[in-house]
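What follows is one structure encoded as structure tokens, with my remarks underneath.
Residue numbers (this note's numbering): 2 to 648.
Here you go:
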């Protein structure tokens with residue numbers, strides 16, 4: 002069948018459109034190919050030429066900046082400082098021994114550093130960079146950088162290292178960072194790749210360890226070009242990671258500094274709590290140590306000096322220490338007895354210097370006895386016989402329940418290491434622990450804070466804050482994380498009759514403000530800042546009947562480690578409590594002599610926001626107090642965190 006001219010013309014038009022479309026596509030493809038060839042041959046010619054000369058591209062992790070730790074006002078108490086370091090990558094170095102030998106001629110490398118580096122090289126993957134030396138001077142760092150062509154696989158890096166500006170003041174709170182160990186890695190199911198970097202540092206103790214993940218941040222990456230000799234030619238690109246979160250604590254760094262200075266070389270611990278919020282304003286253990294030593298690498302001699310010191314500077318006595326609370330526990334016994342209804346505040350107990358139980362005598366600290374004493378007087382003069390009697394009437398289970406209600410025998414969840422639970426013993430505990438029954442003598446000992454009862458300074462501070470407020474105050478150490486303030490839950494009511502609390506507080510007031518009070522010598526005479534407290538002395542040795550017959554040896558005549566522990570708890574101001582303080586001086590002797598004066602100074606400093614006027618002290622003590630102040634090494638107002646001077 003013949004096609005019409007019209008059909009033929011239409012067919013030619015269709016073919017022409019297809020041809021044009023094909024030609025257009027071919028043109029686009031040819032143009033794209035031309036541009037791609039130009040990009041590869043001209044724009045990236047240097048890169049491909051170098052690659053052709055056996056250069057290689059490597060990816061390196063960039064450690065993030067560790068988050069800062071700040072005090073309540075934002076002052077940095079754990080920061081970062083610039084650190085010049087040298088690393089070696091075995092895969093790129095080839096003969097590592099020869100490279101290390103050349104490196105040792107350029108910068109001072111101790112034999113221990115070289116040996117450690119060789120061990121790391123043998124243990125780690127050849128692709129991982131090994132830190133040979135850090136904290137180099139700029140001169141040494143520059144010398145290595147200039148000689149890079151003869152040091153294959155060696156890289157100079159500028160990083161950050163942890164630094165603690167106030168050193169010993171925060172050692173036990175913050176802890177310190179140190180290199181990741183095999184033990185650290187063994188505890189993790191899926192370790193962060195950052196931790197595989199040799200000598201990468203993580204938190205080992207304290208806040209640094211407990212908040213490690215938040216403080217560490219996320220790694221960045223960089224692509225570098227390395228030639229055939231292992232020398233870094235250039236950085237191709239970089240993707241920075243995320244810095245760690247900044248953490249703000251409730252602690253006041255100036256109060257913390259003052260407390261540490263005031264404790265001096267005593268083996269002691271102190272805790273200061275804001276009774277309104279539970280915020281810990283100071284938490285100290287003495288003697289302390291410089292955590293910067295552990296960051297930079299502590300020597301064997303320095304470490305041995307710390308471990309062999311009988312005052313145990315590495316132990317955090319404020320939360321790890323568990324001590325017989327001595328007469329400070331009488332506050333617990335008094336409240337338990339009042340709530341149980343076994344005694345009224347007005348009822349008296351006769352103290353003749355001892356209580357007899359079977360053929361055994363339980364002695365009062367005052368050999369001649371106190372005579373007839375009521376509850377207020379029993380606290381004021383710390384009569385032991387009174388509390389033997391009321392403890393026996395109350396029973397150990399009710400004593401233990403009240404102790405836990407006030408915070409003793411409770412482990413508080415703070416970001417610190419090895420927090421002690423203390424011990425509020427009862428019948429069930431002894432049966433489980435020793436398989437024996439509870440004895441009446443156990444109750445008498447517990448009633449005065451001896452025997453099995455144990456408490457940490459933190460728990461004693463919480464106990465005092467709860468008595469001062471009638472609220473179940475919970476201690477807090479964290480104030481904010483990454484700028485976000487942490488919510489403070491209102492404290493619940495303890496459920497203790499306010500009248501009973503008032504009687505106990507009155508007894509505590511008389512301890513420091515009545516002439517017969519055991520801490521009258523440590524009173525505050527400024528009416529706006531008067532404090533209420535309780536002394537405590539806990540025995541660390543048994544006193545035999547023979548020794549009592551011939552006269553008990555005084556603490557001053559005993560070796561230091563056989564002397565009694567000295568304790569003191571207090572809150573102030575009495576009418577409107579703001580601060581609670583607990584203090585323990587190991588082997589300090591009596592609480593009234595060794596602990597109360599220090600606690601008074603601490604609570605005065607807290608209330609005043611700095612050094613108080615001498616008029617807050619009794620007039621007869623002011624010359625001595627002024628002289629003692631001149632010896633304290635504390636921060637001056639207006640100085641930077643790292644600056645210390647004598648006040």
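All C-beta atoms, glycine included, are put in the ideal place defined by N, C-alpha and C.
Taking all protein chains shown into account, residue 182 has fewer than 16 neighbouring C-beta atoms within 10 Å of its C-beta and is therefore exposed. Under the 8 Å Cβ criterion, the segment 558-572 counts as touching the segment 584-601, having at least three qualifying pairs.
By the Cβ rule, the segment 332-339 does not count as touching the segment 349-365, because fewer than three pairs are nearer than 8 Å. For residue 162, the enclosing beta strand (DSSP E) covers residues 155-164.
In this structure residue 284 touches residue 252 by the C-beta definition: roughly 7 Å separates them, less than 8 Å.
In the three-state reduction of the DSSP assignment, residue 477 falls in the strand class, which pools E and B. According to DSSP, residue pairing for residue 521 in a beta bridge does not occur. Assignment of residue 541 by DSSP, reduced to helix, strand and coil, places it in the coil class. Along the segment 337-406, the alpha helix (DSSP H) occurs as fully enclosed runs of 4 or more residues at 376-382, 385-395, 397-406, listed in sequence order. Pairwise C-beta distances place the segment 161-177 in contact with the segment 247-264, as three or more of them are shorter than 8 Å. Between the alpha carbons of residue 343 and residue 466 lies a distance of about 25 Å.
In the DSSP assignment, residue 472 is bridged to 494. Excluding its 5 nearest sequence neighbours in each direction, residue 403 has C-beta neighbours in its own chain below 6 Å: 333, 336, 337, listed in chain order. In this structure, residue 316 places its C-beta atom within 8 Å of the C-beta atom of residue 286. Cβ neighbours of residue 525 within its own chain (closer than 6 Å, five residues either side excluded): 531, 532, 617.
A distance below 6 Å between beta-carbons, with the five flanking residues on each side excluded, links residue 116 to no residue of its chain.
For residue 568, the uninterrupted beta strand (DSSP E) segment begins and ends at 566-573. Here residue 71 is not near residue 240, since their CB atoms are 8 Å or more apart. Between residue 91 and residue 122, the gap from beta carbon to beta carbon is short of 8 Å. In its chain, beyond the 5 residues on either side, 438, 439 have a beta carbon closer than 8 Å to the beta carbon of residue 432. With 16 or more other CB atoms across the displayed protein chains lying within 10 angstroms of its CB, residue 406 is buried.
Look at the beta carbons and you see the segment 101-114 touching the segment 135-155: at least three pairs across the two are nearer than 8 Å. Membership of residue 82 in any alpha helix (DSSP H) is not indicated; the residue belongs instead to the beta strand (DSSP E) covering 77-89. Apart from the 5 residues on each side of it in sequence, residue 280 sits with its Cβ closer than 6 Å to the Cβ of 251, 477 in its chain, given in chain order.
Counting only runs that start and end inside the segment 92-160, the beta strand (DSSP E) elements of at least 3 residues fall at 131-134. Out of 385, 579, 610, 491, the CA that lies nearest to the CA of residue 636 is found in 610. The C-beta separation of residue 592 from residue 567 comes to about 5 Å, placing the pair in contact by the 8 Å criterion.
Of all C-beta pairs linking the segment 77-85 to the segment 158-165, three or more are shorter than 8 Å, placing the two stretches in contact. Taking the C-beta atoms as reference points, residue 454 is found no nearer than 8 Å to residue 493. Judged by their CB atoms, residue 363 and residue 388 are not nearer to each other than the 8 Å cut-off. The DSSP-derived three-state label of residue 282 is strand. Rounded to whole angstroms, the separation of the alpha carbons of residue 481 and residue 488 is 9 Å. In the three-state reduction of the DSSP assignment, residue 455 falls in the strand class, which pools E and B. Residue 583 sits away from residue 174, with the two beta carbons spaced by 8 Å or more.
Taking the Cα of residue 370 as reference, the smallest distance to any Cα among 278, 495, 535, 355 is reached at 355.
If you draw a straight line from the Cα of residue 541 to the Cα of residue 521, it comes to about 25 Å.
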